[in-house]
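Heads up, the thing below is written out as C-alpha cells.
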Amino acid sequence: MFLPIQHGLLLSAGPTSLITSYTCHPTCIPSTVTDKHFVLDGRSAYLNLDLVNAFVEPIATCDTGREWISSVNRWIEALRDLDSPLIIFTRPYFSSAWQPELGPDSPFRGPAGKIGTAKDVQTMIYPSFPVRPESGDVVLQKTGYSAGAGNSLEQILHAQRINTVVLSGIRTGGVVASTAYRLFDLGYKVYIIANNTIEVGDRGSDDNAAFLSVALPKLPVDIITLDQALQGLQRGITA
Numbered sequence: 001m002f003l004p005i006q007h008g009l010l011l012s013a014g015p016t017s018l019i020t021s022y023t024c025h026p027t028c029i030p031s032t033v034t035d036k037h038f039v040l041d042g043r044s045a046y047l048n049l050d051l052v053n054a055f056v057e058p059i060a061t062c063d064t065g066r067e068w069i070s071s072v073n074r075w076i077e078a079l080r081d082l083d084s085p086l087i088i089f090t091r092p093y094f095s096s097a098w099q100p101e102l103g104p105d106s107p108f109r110g111p112a113g114k115i116g117t118a119k120d121v122q123t124m125i126y127p128s129f130p131v132r133p134e135s136g137d138v139v140l141q142k143t144g145y146s147a148g149a150g151n152s153l154e155q156i157l158h159a160q161r162i163n164t165v166v167l168s169g170i171r172t173g174g175v176v177a178s179t180a181y182r183l184f185d186l187g188y189k190v191y192i193i194a195n196n197t198i199e200v201g202d203r204g205s206d207d208n209a210a211f212l213s214v215a216l217p218k219l220p221v222d223i224i225t226l227d228q229a230l231q232g233l234q235r236g237i238t239a
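Structure below.
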C-alpha cells in the first residue's frame, strides 16, 4: 500500500552526512551505506518495478521524470556487463480488462486505474528501458502493490539462492516500499537506488525524500546512490 507521510517528517530526521550524493534535484538523499568496499555480487537480484507506459508516460516530460528515466536506463545498461545477472521487471496487468484479480475494496484498484490485460499497450515496459528476454531477463505479471503479488517472484529468488535485492521503480511509496517491506521480512538484504525512485504529484519530491531519508531506513533498508550501485557492480565483476 502507499505508506503515510506526515508533514514535516524530514525535519525530524536531523542532520545526516552525505556519503555519495544523490543528484540533488530537488532534494539531496543521503546514502545509508558508508562501506567504501561495498560490493554487489552474483547472489544479487536486480528488480525494476512497474516501469510501464501507464506510470512513466505522465512524468516523462518533466525535469525530474527525465532525470529518473536517464538514471534507470543507465543502471539497466550497466547490468548488461554482468555474467548472467538476474534482472527482473514487473508489469501490472490482469487476466481481463475488468480486473477480476481485484476486489471492490482492493487497495491497488485506485493505482491500477484502467490498466487491462497483457496486450494493453499501457501495461508494456516503457521504451527507454529495453527488456532482453533472449539474455535471460525475467518479466513478471503482478496484480497488487508488491512486486511479488500474484506471481512467482519469491520462488525465483529462492531457487536462484539470492540473498540480496536491489530495487528501482515507480512509485517509491507504492511498489518500491511494499516490495522492500515484504522482502526484508523474508530475510533478504534490500538496497534501494535513490536516483532510481520517484514519486508523483504536487508533493512528489518531498514524499520521495521522506521515504528514502526516514521511513525506509528505519526497517532498516539501505539507501544507495546510483554511483554507489555502479561501483558495487564493478567491484563484483573484478572480485
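The sequence shown runs contiguously to residue 239 in UniProt numbering.
All residues carry an ideal CB built from backbone N, CA and C; glycine is no exception.
Keep in mind that this is a model prediction, so the values were computed, not measured.
Pick from the options that is closest to residue i, judged by C-alpha positions
i, options, result
"residue 145", "135, 158, 162 and 93", "93"
"residue 57", "165, 161 and 170", "170"
"residue 184", "173, 166, 226 and 107", "166"
"residue 89", "82, 62, 220 and 49", "49"
"residue 128", "53, 34 and 231", "53"
"residue 100", "117, 156, 66 and 31", "117"
"residue 151", "160, 139, 174 and 36", "139"
"residue 230", "66, 74 and 65", "74"
"residue 192", "221, 121 and 234", "221"
"residue 126", "164, 55 and 175", "55"
"residue 240", "174, 162 and 211", "With the chain covering 1 to 239 only, the question about residue 240 has no answer from this structure."
"residue 45", "206, 147, 130 and 164", "164"
"residue 207", "160, 32, 234 and 174", "174"
"residue 168", "33, 36 and 225", "225"
"residue 47", "147, 95, 34 and 130", "147"
Pairwise C-alpha distance: residue j and residue i
i, j, result
"residue 236", "residue 196", "20 Å"
"residue 78", "residue 213", "25 Å"
"residue 244", "residue 70", "In the structure displayed, the chain extends from 1 to 239; residue 244 sits before or after that span and is not available."
"residue 149", "residue 143", "6 Å"
"residue 179", "residue 172", "10 Å"
"residue 199", "residue 60", "13 Å"
"residue 97", "residue 107", "18 Å"
"residue 68", "residue 209", "14 Å"
"residue 21", "residue 218", "Confidence at residue 21 is low in this model, with a pLDDT of 38, below 50, so its placement is unreliable and no value can be given for it."
"residue 29", "residue 194", "7 Å"
"residue 119", "residue 103", "22 Å"
"residue 238", "residue 87", "20 Å"
"residue 83", "residue 105", "43 Å"
"residue 132", "residue 190", "24 Å"
"residue 182", "residue 153", "11 Å"
"residue 51", "residue 72", "9 Å"
"residue 211", "residue 123", "26 Å"
"residue 80", "residue 201", "33 Å"
"residue 85", "residue 136", "8 Å"
"residue 205", "residue 63", "12 Å"
"residue 141", "residue 91", "5 Å"
Residue span of the alpha helix (DSSP H) that contains residue i, given as start and end
i, result
"residue 69", "63-79"
"residue 215", "Premise fails: residue 215 is in no alpha helix (DSSP H) and is neither H nor E."
"residue 147", "It is not in any alpha helix (DSSP H) - residue 147 carries neither H nor E in the DSSP assignment."
"residue 182", "177-185"
"residue 158", "153-159"
Residue-level contact to chain C via CB, residue i, 7 Å cutoff
i, result
"residue 76", "Of the protein chains in the structure, only one exists, and it is not chain C."
Sheet register partners of residue i (DSSP bridge)
i, result
"residue 224", "193"
"residue 169", "49 and 197"
"residue 237", "Answer is none; residue 237 lacks a bridge partner."
"residue 140", "90"
"residue 115", "DSSP, once it has assigned bridges, lists no residue as partnering residue 115."
"residue 164", "44 and 189"
"residue 29", "According to DSSP, which records beta bridges pairwise, residue 29 is partnered with nothing at all."
"residue 125", "52"
Endpoints, beta strand (DSSP E) assigned at residue i
i, result
"residue 88", "86-92"
Discussion item. Could you check whether the region 113-131 touches the region 32-40, counting it as contact only if at least three pairs of C-beta atoms, one from each stretch, sit closer than 8 Å?
Written reply: By the C-beta criterion, the region 113-131 is judged not to be in contact with the region 32-40, since fewer than 3 inter-stretch pairs fall below 8 Å.
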